[in-house]
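Numbering (our numbering), first residue to last: 2 to 430.
Heads up, the beta-carbon is just placed ideally off N, CA and C, and yes, glycines get one too.
See below for the structure under consideration.
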Ligand code: UGA
């Protein structure tokens with residue numbers, strides 16, 4: 002059992018902390034948000050993440066929460082930094098939280114510690130952390146900096162952490178390598194040891210590659226649509242080629258969330274600073290935005306303009322199984338409907354509270370799938386929540402003013418929808 006502290010209780014920090022406790026370590030989670038820490042102490046999970054609260058309860062004897070960073074650092078041998086690394090407008094990563102925390106750690110440590118960066122950070126941040134700690138720590142105190150990027154996805158965070166494809170660890174000393182090896186020994190996955198810089202680039206490369214795959218398939222979807230082909234059939238056959246792989250080939254209204262959009266911009270910036278123009282990623286970003294606008298145009302076209310129209314929206318979060326609306330396509334799409342004079346009714350199984358912070362009283366928050374459809378000119382689907390697959394389509398048809406469904410996530414079979422008497426439009430088929 003190792004004594005670990007995790008600084009930052011956002012998605013990555015909290016899920017990592019809880020999972021590190023689950024594999025047997027003693028973990029102190031630190032955050033400067035007192036309200037959040039008070040909630041966590043009462044075993045209330047502040048984010049919607051399936052299974053996380055249960056796992057917190059299960060491990061509560063090994064899991065501590067505090068706002069006192071000094072105390073947590075002193076009591077721990079390994080310190081994970083999992084604070085936010087937001088991307089500024091110009092694509093540059095804002096490292097102020099990482100820098101502040103590094104300084105705070107430096108001022109406290111009095112013996113050897115391993116400081117691990119868990120958040121996504123641009124290449125060379127590890128070196129920056131090292132410089133800050135060297136500058137501010139007591140003379141003679143030894144430490145190691147490690148880059149251990151996290152690959153968990155929102156909605157499946159626990160499974161991704163406990164059963165990962167691989168664990169990437171950038172280290173500079175055998176001592177740190179040994180400690181990291183023992184932390185992860187209960188997890189059965191290949192451990193990939195690299196330099197700190199490689200580990201940092203691996204994380205950005207993975208997110209950039211996955212985002213590229215999505216923009217690629219969305220472009221193929223647009224070509225399919227114009228040529229009477231079906232992108233689902235194309236993606237299935239493409240994905241069976243092991244060199245391509247079947248994941249992340251789902252066409253739709255594009256990617257959102259707190260990671261892909263910010264990491265793609267940050268990686269373009271990293272490339273730029275290295276004297277390289279990552280045009281390919283710029284295009285990935287452009288295609289992703291355009292996908293939302295194409296969808297808006299389709300809706301406009303199918304309902305003959307927005308003025309005085311009533312639009313039912315199903316799904317607000319950037320993907321299912323999360324209440325996260327950061328960079329969700331639904332924000333741009335609904336805003337555009339509102340700006341064009343439409344009335345909007347929305348339903349999402351968990352993201353309504355977050356939506357209220359964005360749209361306030363400009364839209365109607367429905368209590369279920371059927372309430373949202375009531376009297377609308379069209380029903381549009383923006384997130385593929387499981388419960389939407391099971392909706393009673395006959396009932397929906399009766400409730401809608403016109404039987405039009407425009408599906409941004411391809412959840413229904415076009416033929417079946419036609420049979421049911423819907424005018425059904427989806428992406429790339
Ligand atoms: C992503 C990565 O998948 C994780 O590996 C990584 O750890 C995380 O970012 C991070 O950097 O912290 P996440 O943002 O939770 O995870 O969500 P994803 O499941 O990757 O989905 C991202 C977006 O892509 C969603 O909007 C989703 O709807 C979209 N998507 C995904 C598609 O449009 N098509 C697909 O085939 C797959």
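So, using beta-carbon positions, are residue i and residue j closer together than 8 Å?
i	j	result
residue 99	residue 130	yes
residue 197	residue 185	no
residue 231	residue 225	yes
residue 349	residue 316	yes
residue 382	residue 366	no
residue 402	residue 378	yes
residue 444	residue 163	Limits of the chain in this structure are 2 at one end and 430 at the other, which puts residue 444 out of reach.
residue 188	residue 24	yes
residue 47	residue 37	yes
residue 177	residue 147	yes
residue 115	residue 78	yes
residue 18	residue 84	no
residue 314	residue 345	yes
residue 208	residue 279	no
residue 13	residue 154	no
residue 109	residue 56	no
residue 16	residue 53	yes
residue 193	residue 170	yes
residue 133	residue 103	yes
residue 404	residue 398	yes
Any heavy atom of the ligand UGA inside 7 Å of the beta-carbon of residue i?
i	result
residue 389	no
residue 268	no
residue 81	no
residue 1	The question about residue 1 has no answer, for the chain in this structure spans 2 to 430.
residue 250	yes
residue 152	yes
residue 319	yes
residue 258	yes
residue 155	yes
residue 121	yes
residue 211	yes
residue 91	no
residue 95	no
residue 215	yes
residue 13	yes
residue 264	yes
Going by beta carbon distance, what residues of the same chain come within less than 6 Å of residue i, once the five residues before and after it are set aside?
i	result
residue 390	412
residue 429	222, 225, 226, 232 and 252
residue 333	293
residue 306	none
residue 63	22 and 27
Within the same chain, show all residues whose beta-carbon is closer than 7 Å to that of residue i, passing over the 5 residues directly before and after it, in chain order.
i	result
residue 239	245 and 250
residue 297	334 and 337
residue 407	299, 300, 303, 379, 381 and 426
residue 151	13, 17 and 119
Below 8 Å CB to CB, which residues in the same chain sit around residue i once its five sequence neighbours on both sides are set aside?
i	result
residue 183	3
residue 91	270
(Q) Restricting to runs no shorter than 3 residues, where is the beta strand (DSSP E) found entirely within the stretch 317 to 391? (A) 344 to 348 and 379 to 382
Q: Please list the segments of the alpha helix (DSSP H) lying wholly inside the stretch 68 to 141, counting only runs of 4 or more residues, in order along the chain.
A: 70 to 75, 97 to 109 and 126 to 137
**Q.** 3 or more residues per run - each beta strand (DSSP E) lying fully within the stretch 44 to 69
**A.** Qualifying beta strand (DSSP E) stretches, in chain order: 64 to 67.
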